[in-house]
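Counted from 1, the sequence shown has number 775 at position 1 by the working numbering; the numbering is strictly sequential. Beta carbons: idealized from backbone N, C-alpha and C, even for Gly. See below for the structure under consideration.
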Amino acid sequence: ELLVSASEVEDENIETMERLCSLLVPSLKFDSHPNHLYVMRTVSSLIPKISDNAAISHYYSLSKLLGPNKAASGMTSNEARTIISSAITGIGSRGIGSNLNR
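Okay, structure coming up:
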């Protein structure tokens, strides 16, 4: 909670948040397990506080959750889609969109 709510974040905390995002983002799947909403909310609140490079590294993983998965549809929960969209918007609103083409 301290990492998520801190208004001025120290470098050490930023590194911790980046590591936490790196652990949490891959755990997000297309299914709608109730605990995934907590993970999504955590990731969405951490994204604005981590470095640009770290945020960009999660852009495609998060974006894939909104699209179809093989023969099945992507996430269908409106709440989950809104949380993921918010995280993606947080990445894009940093003015780093030109770096996303890597």
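- Taking a contact to require three or more Cβ pairs closer than 8 Å, the stretch 826-839 and the stretch 793-802 qualify as touching.
- Our two residues, ILE821 and ARG793, have alpha carbons roughly 11 Å apart in a direct line.
- Looking at the DSSP output, ALA846 bridges to ASN843.
- Non-local C-beta neighbours of GLU853 in its own chain, meaning closer than 7 Å and more than five positions away in sequence, comprise LEU811, ordered along the chain.
- Taking all protein chains shown into account, ALA846 has fewer than 16 neighbouring C-beta atoms within 10 Å of its C-beta and is therefore exposed.
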